[in-house]
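J.: Protein chains in written order, with the numbering used here: chain E, 1 to 486; chain R, 487 to 1998.
Think of the CB as a built atom: it goes at the ideal place given N, C-alpha and C, for glycine as much as any other residue.
What you are looking at is a predicted structure, and each value in this text was computed from that prediction instead of being measured.
The structure that follows is given in the form of structure tokens.
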């Protein structure tokens, strides 16, 4: 299987990006897919490991060696069939996943990982182009109905699986368009929204009902929803953003990333005018938070034409190579440069915001102090370095410091669900809540995490819901053994 | 007195082997001399026998002679029995219970039966014995030995013999039924008017002392057979001593269980006028509880008394290899072909001597796996024995010296007064009937019929459903079916297996997975099915069997097929046959899937009934079919159906009235076919596997036409079947069929007893209800609710590679990464996380040991009082991984680590570079303490051997027991070639067996050889766990091994067929416990240390191993993982990405393991072990060994299968007296104090010190074995492989040399022998010179007589050898550097040779040059027939025209004449110009290519010398 010596003959060749100058002029995706020959050679680099760590690294448990081999052999259609068996939406993960599979790739121990993610994308795009992606006919309906609340990746995955199992599925979405964070959160330059439309139209054809602009808990009470359906699965994401508690927080010009990014998605979709709202054009932008969301804000700001953009990370810069205590196959805590970061802007590390300074209630500057991480009593603690204070000009401060959990207020008030100390619904077992027939999946279950986890959890939840509904052993597929690397 | 099953001990696994021989006068003139000579043979072969824990108790010895009438006449007078006529009476030599009441009852039954059968009891005689000659243990079970005399009345002598037989069978049966002999003392050693047997549980030399009769001058005979036994056990058994009634046997019948069953199966067909009709009342003909030899004797006796001559019966039972031998005459082939429809071969290594008192003879199995030499003297004596030189005969009295050849028979007819050779004996037999014509008329082939069209392939929409319902996985198709269809070969894998036993798996594994293949180790050799294909056969005949006693044309009316795997069209054709001869009935295996747990059992019962009825209705071909599975119907597992029907029909005695075929969707891999055939099916049609292939081709996933894919697939299965059979040393599928050579793990005994009767299943487990549930589970995959919408793909599988959704693996991302992190971060805490995972994973999911709990001590020992981790770690060794299989970097890292730790690393099977003996500047040493000696003997020379602390003989390896290996040429780098003494770029083949170990006494010999060459080294023997490994271990302990390694089924790097990785061998817990139990029970435990390996990973594993009996522990995979192995499982592809199992410099550069990684890991393991020891209350490790009572079976709640296991047999602790050792406590006695070499060494001091050369003279006898090994060891220790200057020590011997003459002789020593020699001359020759010639006084023609034995120059790396005479089989096998001249060789000459030069001046046997990849041979082709006897798969034959070759041969022949005085050589030289043209040069194709390349290379570098011979 695969090419036995493939990894010795070819170097890793990831997809190329459109030129910086070019890509920052528009909102289109920046990744350029590779020619077929390249893809096949790259598939042939897979070593077909006896223990494919990549599959453990992948939250979906994708059969990665299988599809790599099939690409290598040019059997794209079969590769697509293999891929779709474990992944409902390879077109999303193929674009957006940070690829923990590649971090776990055995080849990455002393070489460069197989381009698993790009392979995945090229498989699924080819499948769409070739017309291999056809609506799946559901032969027999079970007569049970399921409400999926939230249309992000978790909700869509759960809906897709439950629909395939023959249940009648309605997806409720409070926004005007389907997709959750994929729609409103991921910039168009990473995921053009027709990709979502393409999928939704398939799902619709397959029989899923989508109900947009309906907020459960407000427009429809949770109790009523439970009454109307045999099961309800809560996939409402983890919308509570982490806030900044420093003097000056109430100044104008401070926004959460989730106020900033969705607006731009709407603008691209033609749903929002191009000038009002939060725009970075001509501004000195500071982004707090060095993660992916921060990066997205960075790329968006650059495309807006910001005067300057600085992305600030609280923690010190990670090493360029894996640290001693961060070995393969763990996620490598190494210095990375995202496509947006490559496009421009400054990055600062080990900076703690101490104060926001404004004029007339409008933000003008941000004050920071350098920190260091020291070990005290066996624990790592952050300590400011005295005398290292500095200020940056700042007209627009975007807070991208992560999320603390789902917004459960209406669920708590209307259904009185139990909540764990971590702020997610508590239940008797995975994906179940304290309320019978009410399930939870995605970020609402796990806390803010990756799209791939959302899809995976959506699938696993569906498996349990289906089994409960038909009162039999699980019949939907599972991702299999869950075992952490360490 | 017989042993009972106890703990893990299975009495049916006993083996024996031995020395045997006979002396006869050609005209049958009785004399005292014959008897005395025979007794002398016994004592001279005593090194081939063994004694147990009690040195006075032998394994058995005996003598068979003609009735000494004069002696008995005198006795009759003394006893007042009145006068008797010669041959007018029979003598029964009877073993009786010592208890008087029991004995009286036995005698009474005996007398009554004699009378009721119309004969007269003359009287009883107490056989005088000297009980002081019996050992303690043998004495405890000594029967009372009496002779009964029976007068012949109203019968001719031949009918009287038959009558005596009938009486004996009836008496045996009645006594068993009467229960008057509860301890089974009763045994009739012989009962005949022609012959008598004296035998007992005695040391060979004590036999005549014990039986005073044998001392009498009146005790004379014209024929005497003797036998001394080397048994794997010492559970005392007087009755199993040999000779038996007609034969004595050196060897082992591997297929005895099947042979016995087939005999039962023909019960309804057996009729003989000689026995006056049906012989039902004599059943059981074959004594199921006796040894294989005993059962063979039973069969031979029946055939002989039924009217066949002994030679004829022998030909039926031990046929030659006839199917693939182009040299065999057609009439002879026809005879064997015909006979195969009457009797299936009794297959296995065998040298059999037989006699009926008139004719005496011997025969050898088809593969010639036992030695037998004979000589004929001027005074008309014929002496045959396992060795030459057993009786001293003046050279001038010898007319002829010969050896038994494979498949040949040798007969002395004393009535006719002449020796009859094979050709003549067989000519008479094969011309009795026109067998060829009979066959032509009656045997049909499929091609004789109009081909029927195959059923329509399964429709695409049904295919997936059926595949799922029959348990197919994606992996089955991707890894097994598709590659077999594409390549025609079974796929290979690496790194063993680490998935759960079937009984612990939650994946509803098929019934096939519950069975493990058995394999040969020690007591008989596996065969190389590729290189020795000449002896292998898959030829299958389907149809009714015949009456074995009769020979009529109709009896061979059968359908002959070349392979037991049928295509869909072939099966359809068989179904359609309507010529009156075949009446076919298809029996459906379907039953209602919805029914309760008893449904499967009911379905099987109904099926068996239907089978009986079908036969009653006249059908003679039954087809069991699982076609038709749908949403409501599931099929009885095909294996269960086949075995149940087969055994049911056998029990009914009607099995032979019908052929049994199976049409099954389940069978897809080799193991499945092996099981179906091994449990009784004649042929298998794997219809769904074939439909799957058709589908793959249709979808272009297989780039072949469907017919070609099917053909390749069947070819792959066929090859795989040959391999499975050959692993056990079985060469014909006809004897493999129904032989049940499997062990079940996790099946309920009642299920096994009912439907797989005779199969070992030692830990109980699931029964029919559970199998039904698993059947339902699989069915639901295709037809259940889940299938309703997931019909697009198959389950992933995950058997061969870890998959997240697949089967569990011990080595998975979590365990691998934790272990690696722990050693890299030097974190014991991290290790504990690993151990926690590893130990908990074990619990109920993986291994038998996961089902154990410890019994904690009442008061734990404080941890700091427990033996230190460093001390415990000295018991650890790393696995035998060769440099070649792993990189030098990895190999040396392991060695350094183990040397620092005080443990031991192992060279593996690939030699070791001598630079590694020199310590590194930092004090580290890269030398491996353990030097392995494996079948290929790569790099095994004197220097290697003397540089070892332990010499390990690898009998088998866990990943592929019973198989050889191959290192493809592209992997043989300069460096590897140098250390393996071979040529870079030339493929290296490891033979499946050690060609010097075909039996237990051979192993004893190799142990002796190795101990002789390096007395300081401990000798260990590596075995693989399987049922019976305990009895093998007992034999190995008696063979004086000092350590026995019990390897589990899971270990092993290197390439191996997937079916071997998965389905051969059993977990070490079973093997270790069995070995411990059997060794303790035999009081053999104290002489050996036990070591266990194969998946040992944690301290808990170590402690469990110790409690089950192990003192030492081998680790292989885990240290590799610690060094960075990530279980890529690509060892066989040279692409290990972390630089461990590869020789690619680009990859080895990436190796980043260190000795510290290994050391830390092993110390963690020891530390964890200490913690458990503290809990268990043990201060020292030794205290713990063998205390299995400290383990209890963990109640497994919730695992519906595991909870049915019963591990009490594993935890059994034998009850023995306190003085019996339960762990190592005394050294083995090798008896080297008086070795001849001590004398030679003493006389060679000046030369050894590098001074003046010495010339010595020395008489030698066959009891002087491994002469030269110790002397050579001295030289090698001082001077390494360079040795001394030529002829520094020159010894001139006279006499018959014992085995292994000149073994490992290094340069500087010259041995010249005038006389003859036994097997293994020049074994491992390392540069010395050996010359052997017949004594000057001999009158026979040297080049026409046998001079030296089998397997000469095995693994020789350098040196010269000259033999003036003919050598036996396998001359120069695996020679890699020696030059030799010989005047004729037996079969398989130059097999596996990789270097060196062999000149044969006379005839060769068959299969010359098989597997020869290097070196050259020159054969003087006197009769122009050589090319037909040469196996030309790897070699080319050329004329001798090259100038340098001509000179090379000339010089060697000249040397030959100089050293041996060869007259033949002289004649050749005298007519050299003419003779040159008749030489044939045998040149390995690959070697030639490599040499040409190298020459071209060299030429481009410098001008070369035309006479230069390629350096090895």
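Counting only runs of 4+ residues fully inside the segment 1254-1290 of chain R, write out the alpha helix (DSSP H) ranges in chain order.
T.: Those alpha helix (DSSP H) runs which fall completely within the segment 1254-1290 of chain R and span 4+ residues are 1254-1269.
J.: Between the segment 126-135 of chain E and the segment 423-439 of chain E, can you find at least three pairs of beta-carbon atoms closer than 8 Å?
T.: No, they do not touch.
J.: Would you kindly report the start and end of the unbroken beta strand (DSSP E) that includes residue 372 (chain E)?
T.: From DSSP, the beta strand (DSSP E) with residue 372 (chain E) extends over 362-376.
J.: Using a Cβ-Cβ cut-off of 8 Å, state whether residue 1311 (chain R) counts as contacting chain E.
T.: True, the Cβ-Cβ gap to chain E drops below 8 Å.
J.: Distance, Cα to Cα, residue 1258 (chain R) vs residue 1159 (chain R)?
T.: Taking the straight line from one Cα to the other gives about 22 Å.
J.: What is the DSSP secondary structure of residue 518 (chain R), counted as helix, strand or coil?
T.: If DSSP states are grouped into helix, strand and coil, residue 518 (chain R) belongs with the helices.
J.: In three-state terms, what does DSSP make of residue 845 (chain R)?
T.: Looking at residue 845 (chain R) - three-state DSSP - the assignment turns out to be strand.
J.: What separation, rounded to the nearest whole angstrom, lies between the Cα atoms of residue 1965 (chain R) and residue 1173 (chain R)?
T.: Roughly 53 Å between the two C-alpha positions.
J.: When the cut-off is 8 Å and only beta carbons count, does residue 452 (chain E) lie next to chain R?
T.: Closer than 8 Å: no.
J.: When the cut-off is 8 Å and only beta carbons count, does residue 1189 (chain R) lie next to chain E?
T.: Not an interface residue.
J.: Applying the criterion that 16 or more other CB atoms from any shown protein chain within 10 Å of the CB defines a buried residue, is residue 156 (chain E) buried or exposed?
T.: Per the 10 Å Cβ criterion, buried.
J.: Counting only beta-carbon separations shorter than 8 Å, does residue 981 (chain R) have a partner in chain E?
T.: By this cut-off, residue 981 (chain R) is an interface position.
J.: Would you say residue 106 (chain E) faces chain R, with C-beta separation under 8 Å as the test?
T.: Output row for residue 106 (chain E): interface = yes.
J.: To the nearest angstrom, how far is the alpha carbon of residue 1264 (chain R) from that of residue 958 (chain R)?
T.: Looking at the two C-alpha atoms, the distance is approximately 9 Å.
J.: Assign residue 445 (chain E) to one of two classes, buried (16 or more other C-beta atoms within 10 Å of its C-beta) or exposed (fewer than that).
T.: Burial call: buried.
J.: Does the CB of residue 5 (chain E) have a neighbour CB from chain R at under 8 Å?
T.: So yes, residue 5 (chain E) belongs to the interface.
J.: Quick one: what's got a C-beta closer than 8 Å to residue 1990 (chain R)'s C-beta in the same chain, skipping five residues either side?
T.: Below a pLDDT of 50, predicted positions are generally treated as unreliable, and residue 1990 (chain R), at 45, falls in that range; the measurement from the model is reported next regardless. These residues qualify, in order along the chain: 1981, 1984.
J.: Since residue 683 (chain R) contacts residue 715 (chain R) with CB under 8 Å, what's their CB separation in whole angstroms?
T.: About 13 Å; that fails the 8 Å criterion.
J.: Restricting to Cα atoms, I'd like to know which of R:1880, R:1823, R:1896, R:1822 is closest to residue 1855 (chain R).
T.: Of R:1880, R:1823, R:1896, R:1822, the residue nearest in Cα terms is R:1896.
J.: Residue 141 (chain E) versus chain R: which residues are under 9 Å apart at the beta carbon?
T.: Within chain R, no residue comes near residue 141 (chain E); the closest Cβ sits about 12 Å away, beyond 9 Å.
J.: Would you call residue 1261 (chain R) buried or exposed, if buried means 16 or more other Cβ atoms sit within 10 Å of its Cβ?
T.: With 16 or more Cβ atoms within 10 Å of its Cβ, residue 1261 (chain R) is classed as buried.
J.: Indicate whether at least one CB of chain E lies closer than 8 Å to the CB of residue 1623 (chain R).
T.: Yes, residue 1623 (chain R) counts as interfacial toward chain E.
J.: Three-state secondary structure (DSSP) at residue 1756 (chain R)?
T.: In the structure shown, residue 1756 (chain R) sits in a helix (DSSP, three-state: H, G or I).
J.: With a cut-off of 8 Å, does the C-beta of residue 128 (chain E) fall near any C-beta of chain R?
T.: No, because no Cβ of chain R sits closer than 8 Å to the Cβ of residue 128 (chain E).
J.: Which class does residue 13 (chain E) belong to by DSSP, given the choice of helix, strand or coil?
T.: It is coil, neither helix nor strand.
J.: In the DSSP assignment, find the beta strand (DSSP E) that holds residue 1529 (chain R) and state where it starts and stops.
T.: Residue 1529 (chain R) -> beta strand (DSSP E) spans 1529-1533.
J.: Is the distance from the Cβ of residue 265 (chain E) to the Cβ of residue 188 (chain E) below 8 Å?
T.: Result yes, Cβ atoms of residue 265 (chain E) and residue 188 (chain E) sit closer than 8 Å.
J.: List, from N- to C-terminal side, the beta strand (DSSP E) runs of 3 residues or more that fit wholly inside the segment 1165-1220 of chain R.
T.: Runs found: 1169-1171.
J.: At 8 Å on the CB atoms, spell out the chain E contacts of residue 1298 (chain R), in chain order.
T.: The answer, in chain order, is 51, 56, 481, 483.
J.: Using a Cβ-Cβ cutoff of 7 Å, what residues of the segment 220-235 of chain E are near chain R? List them in chain order.
T.: So the list is empty, because no residue satisfies the distance condition.
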